[in-house]
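In order, the protein sequences belong to chains A and B.
Once you know that position 47 of the first sequence is 47 in the numbering used here, the rest is easy, because the numbers rise by one and skip nothing.
Converting from the second sequence to the numbering used here requires adding 1000 to each position, the first position being numbered 1.
In this text, a Cβ means the ideal position worked out from N, Cα and C, and glycines have one as well.
Here the structure is laid out as structure tokens; the discussion comes afterwards.
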Amino acid sequence: GAVVSQHPSWVICKSGTSVKIECRSLDFQATTMFWYRQFPKQSLMLMATSNEGSKATYEQGVEKDKFLINHASLTLSTLTVTSAHPEDSSFYICSATRTDGRQNYGYTFGSGTRLTVV
Amino acid sequence: DAKTTQPTSMDCAEGRAANLPCNHSTISGNEYVYWYRQIHSQGPQYIIHGLKNNETNEMASLIITEDRKSSTLILPHATLRDTAVYYCIVSLRAKTSYDKVIFGPGTSLSVIP
């Protein structure tokens, strides 16, 4: 089945530094990838949608200059949290989907990245 | 906003069937019903999806009402490992693109020994 690998699984960084999170589709080419953020005891909140080779579409209230998304290939999307602050500490999750124009293969989620900014 | 409403929490005795309801009264004709679950500190796991017919797989059964305004996820023999938050989602499944997936609060299922 479809597998999405997310790396790192957890990261601790100092306030003011940037952190990059990778999301890879291991056995399929992902047409679209989604990035979510989840705070403790809350549901997943969609941050942005990215399609390979084009700019990401951000949800209202999500700062595009702070959360940089790059989807340079059909198997890799990255989320960079720039100038991280303690309030950016959260669980970040990616999701990948694919279609070959004839049928769709559903949504597969990564295992998540726990970011702690100190 | 999420297009579904679910009970906040439910309990189920181990070994019994867990029936998780979901209301999606504004679902459109080309939207599918998906169910995912999330075990603490992990990414969501796909369970099952359907359009209008009932579906069954190795994990669960999905019962969709005839008017498609509600559905029920059935875990036939709940185990302690089924304790998780269960999300019911409606989303398009067009042949050439995907609708974004918006999560509601979900149902926190506790399986009790």
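Nearest to Phe28(A) by C-alpha distance, out of Leu76(A), Met45(A) and Gln42(A), is Leu76(A). For Val1111(B), the closest Cβ of chain A is not nearer than 8 Å. C-alpha of Ile21(A) to C-alpha of Tyr1087(B): approximately 25 Å in a straight line. By alpha-carbon distance to Gln42(A), the top candidate from Ser1009(B), Gln1006(B) and Gly1104(B) is Gly1104(B).
The straight-line gap separating the alpha-carbon atoms of Ser1028(B) and His71(A) is approximately 31 Å.
Boundaries of the beta strand (DSSP E) harbouring Asn1019(B): Ala1018 to Asn1023, taken from the DSSP string. Asn1053(B) has its alpha-carbon roughly 44 Å from the corresponding atom of Val19(A). The beta carbon of Phe28(A) sits no closer than 8 Å to any beta carbon of chain B. Residue pairing for Gln60(A): DSSP places it in no beta bridge. For Ala48(A), the enclosing beta strand (DSSP E) starts and ends at Met45 to Asn51. In this structure, the straight-line span from the alpha carbon of Asn1019(B) to that of Ala2(A) is close to 27 Å. Within 8 Å of the CB of Ile69(A), no CB atom of chain B is found; the nearest one sits about 14 Å away.
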